[in-house]
Structure formats: structure tokens, C-alpha cells
Amino acid sequence: MGEVYRADDLKLGQQVALKFLPDDLARDPSGLQRFLSEVRLARQVSHPNVCRVYDAGEIDGRHFLTMEYVDGEDLASLLRRIGRLPRDKAVEIARQICAGLHAAHERGVLHRDLKPANVMIDGRGKARLTDFGLAVLASDVGRGTEGAAARAVAAGPGTPAYMAPEQLEGRDASARSDLFALGLVLYEMFTGKRAFDAATMPELARLHQESTPASPRNIVDGIDPAIERAILRCLEKDPRLRPPSALAVAAALPGGDPLAAALAAGETPSPEMVAGAAVEGSLRPAIAWACLLGVLAALVLQVAVSSRTKAIGRAAFDKPPDVLAERARAVLARFGHTRPAADALFGFDDN
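In terms of the numbering used here, the sequence shown is residues 116 to 466.
Below, the structure is given as C-alpha cells:
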């Protein structure tokens with residue numbers, strides 16, 4: 116939504132991107148409000164995999180926002196140019212998209228327009244989510260605060276191909292609607308094809324209702340089963356059957372350890388990420404039971420040994436055991452046995 120230009124910020128001394136609101140929408144109060152809403156929402160999300168938004172302004176009657184300039188290309192252009200991504204690179208980009216989306220959801224922000232064109236890949240191969248122009252606060256969904264104009268934009272050209280079934284049916288979006296869009300993006304990244312390819316809205320709605328996407332392994336030989344499971348779970352028609360979070364999607368990918376990935380990237384993991392990593396890295400039931408039995412056996416042994424050693428303290432010795440041991444060594448010395456003992460042990464049986 117809107118035109119984007121590269122510019123030099125003379126105050127900051129760096130290149131920025133200027134995004135201008137289209138003239139027709141600038142004259143529409145609801146369009147202007149939606150544009151400013153993008154600034155308000157996007158500034159709530161601060162993450163290395165989210166394009167930073169700096170400020171909003173107006174010049175000669177045209178409204179614009181300044182945002183981080185990403186020197187690269189969007190994922191849609193990249194896929195058109197090279198087809199599907201190499202497996203390892205696709206997994207890396209997928210994790211980064213999941214991390215950025217999770218950061219938005221943590222702030223209660225739904226993207227609602229996640230698609231390859233809204234994922235920028237910079238010159239180092241790092242992904243950033245952009246264009247929160249259709250985003251809303253999750254707390255606002257269902258309260259009628261989105262407005263008819265926002266719904267009209269959501270049904271605009273290009274966007275429906277990446278909408279969840281509930282959105283196509285006019286129901287409220289949720290974080291799991293974003294996860295459906297995430298599944299569609301991942302499907303394209305790993306297979307080079309769209310999961311649902313339709314020429315018209317009615318045809319697209321029919322495909323969502325009556326069909327399921329072709330299995331990725333039928334398109335790409337040797338695709339990792341974990342990748343296929345993660346994608347197809349995101350594409351469940353029932354939102355309740357989709358993963359609980361973008362973090363869970365990242366963890367389901369091969370080698371999925373979002374906590375380790377965050378630490379390696381120099382990021383500070385969120386409490387949710389730490390908790391999620393603990394769940395994902397938990398022991399299998401059989402190993403957990405074996406560990407529990409081992410701990411119980413050790414406790415029983417400790418109690419048994421403790422009951423015998425504590426009996427020394429309860430016994431009515433005239434002298435402490437250490438004194439008796441020293442006397443024994445003195446007796447041995449008188450008989451000419453002066454070599455130091457290799458070990459020492461004393462005790463008694465409690466009959």
C-alpha cells in the first residue's frame with residue numbers, strides 16, 4: 116500500500132525508505148487513519164527480523180512514513196527469479212520469518228498481510244517483515260475497530276491468495292490466520308509453487324473449502340518430512356489445529372532450536388522463547404521415567420546409609436570414634452607397625 120522511495124536522512128546521516136500514501140487514499144479519512152495506524156503498530160515491534168519504522172510526516176499535502184532502508188529484494192521477486200530456495204537457505208529464512216512474526220504477536224499485533232512481497236531479503240540474506248499497513252491489534256479484532264475500509268483492502272488484488280479460510284469467509288483474523296499465511300509462504304519457498312493457485316476469488320474460496328494443497332514431497336523429491344509436517348500443519352483449515360505460535364513452527368523445522376538461534380544471532384530471547392525451548396527440549400517419557408527411577412533408587416540408598424552412619428552418633432561410646440582410631444594406631448606403632456594406612460574404615464553393626 117503506497118509508493119516507496121529511497122532517501123537520505125540528513126539528520127540521521129543514513130539512508131531511509133520513504134513510503135507515501137496514494138493520493139486517492141490520502142483524501143480518504145479512513146485511508147489516512149489506516150496509514151497512521153501502520154506507524155503506530157509497526158513502532159511497537161522491535162526485532163532484527165522486522166523492518167524498523169522511524170516516523171510519519173507530511174510534505175506538500177502528501178503523507179509519508181520513514182522506515183529502515185533494506186538494500187536487497189523482496190522474497191516474491193527472489194522466488195520469481197530463482198524458483199524455490201535451496202533447502203538450507205529456505206530453513207534459515209523460514210526461521211527468521213517466524214522470529215519476526217512471533218515478535219509482532221508478542222506485542223499483540225496481527226500482520227494480516229503476510230506474503231512473499233512483504234518479506235525483504237537484504238544483501239546478507241537476512242529476512243525482514245515489512246508493510247504492517249493491514250495490521251491490527253489482536254485486542255481490537257472482533258470489536259469492530261478495523262472498519263469497513265480495512266476489510267475492503269484485505270480483499271484487494273494480490274492479498275486474497277495469502278489469506279486464511281476464515282478471512283475469505285469474512286470472519287475475524289487471529290494470530291493463527293497469520294500462521295496460515297506463513298504456511299503459504301513456506302510452501303512457496305520450499306516447492307517453488309503456490310499452495311492454492313486461482314484466477315478468481317470464487318475459485319480461490321472453493322479451493323480453500325474443497326481441496327488441500329499437494330504434498331510438498333510430491334513436488335520436491337527428498338524434502339525433509341519435518342518441513343512438510345510444519346507446512347501442512349500451518350495450512351490446516353481449522354485454526355485450532357494449526358501450531359500455537361510462530362515459535363512452535365520454527366521449533367518444528369529441522370534442527371529447530373529458536374533459543375539457540377537467537378543467542379547465536381546476538382539477540383535477547385524472550386521469556387516465551389525460553390519457555391518454549393524448554394518444552395521442545397524436554398526428555399522423552401521413557402528417559403524421564405528412567406531418570407525418575409534412578410533418583411528414587413539413589414534416595415533409598417542414601418536413607419539406608421544415613422540410618423547406619425547416624426547410629427554412630429546415637430551409640431554410647433566413652434570416646435569419639437576418631438579418638439579410638441588414634442589409639443588403635445598408637446597400639447600398632449608400639450608393635451613396630453609404623454607404615455601409614457592406605458585407607459581407614461570403622462563402624463559397628465546395630466543388632
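Even glycine gets a Cβ: it sits at the ideal position worked out from N, Cα and C.
Fair warning: this is a prediction, and the values are worked out from it, not measured in the lab.
Taking buried to mean at least 16 other C-beta atoms within 10 Å of its own C-beta, is residue i buried or exposed?
i	result
residue 197	exposed
residue 178	buried
residue 189	buried
residue 205	buried
residue 314	exposed
residue 415	exposed
residue 413	exposed
residue 161	exposed
residue 154	buried
residue 294	buried
residue 321	exposed
residue 235	buried
residue 132	buried
residue 438	exposed
residue 407	exposed
residue 304	buried
residue 233	buried
residue 289	buried
residue 244	buried
residue 344	exposed
residue 444	exposed
Residues in the same chain with beta-carbon distance under 7 angstroms from residue i, minus the five sequence neighbours each way, listed in chain order, please.
i	result
residue 211	164, 241 and 242
residue 441	none
residue 186	237 and 238
residue 339	369
residue 168	154, 157, 158, 180 and 182
residue 151	171
residue 450	none
residue 334	306 and 308
residue 409	none
How many whole angstroms separate the CB atoms of residue i and residue j, which I take to be in contact at a CB cut-off of 8 angstroms?
i	j	result
residue 225	residue 277	Not quite, the Cβ-Cβ distance comes to about 14 angstroms (not below 8 angstroms), so this is no contact.
residue 362	residue 341	Contact doesn't hold; Cβ gap of about 16 angstroms is too wide.
How about residue i and residue j: do their beta carbons lie closer than 7 angstroms?
i	j	result
residue 180	residue 126	no
residue 247	residue 136	no
residue 231	residue 200	no
residue 319	residue 275	yes
residue 292	residue 310	no
residue 323	residue 283	yes
residue 222	residue 159	yes
residue 123	residue 130	yes
residue 142	residue 184	no
Compare the C-beta of residue i with all C-beta atoms of chain D and state if any pair is closer than 7 angstroms.
i	result
residue 175	No chain D appears in the structure shown, which is made up of a single protein chain.
Near residue i, which residues of its chain fall below 8 angstroms by C-beta distance, leaving aside the five closest residues on each side in sequence?
i	result
residue 118	134, 135 and 137
residue 302	308, 309, 310, 328, 331, 346 and 350
residue 454	none
residue 207	240
Taking 6 angstroms as the limit between beta carbons, can you name the residues of its chain near residue i, skipping five residues before and five after?
i	result
residue 286	none
residue 352	280
residue 128	none
residue 435	none
residue 191	231 and 232
residue 337	none
residue 447	none
Is there at least one non-hydrogen atom of the ligand ZN closer than 6 angstroms to the beta-carbon of residue i?
i	result
residue 132	For the structure depicted, the ligand ZN is absent and the ligand set is empty, with no information on it obtainable.
- At least 3 beta-carbon pairs within less than 8 angstroms: the stretch 347-354 vs the stretch 287-304: The stretch 347-354 is in contact with the stretch 287-304.
- Given 8 angstroms as the limit, is there contact between the stretch 167-181 and the stretch 208-228, that is, 3 or more CB pairs closer than that? Segments in contact, no.
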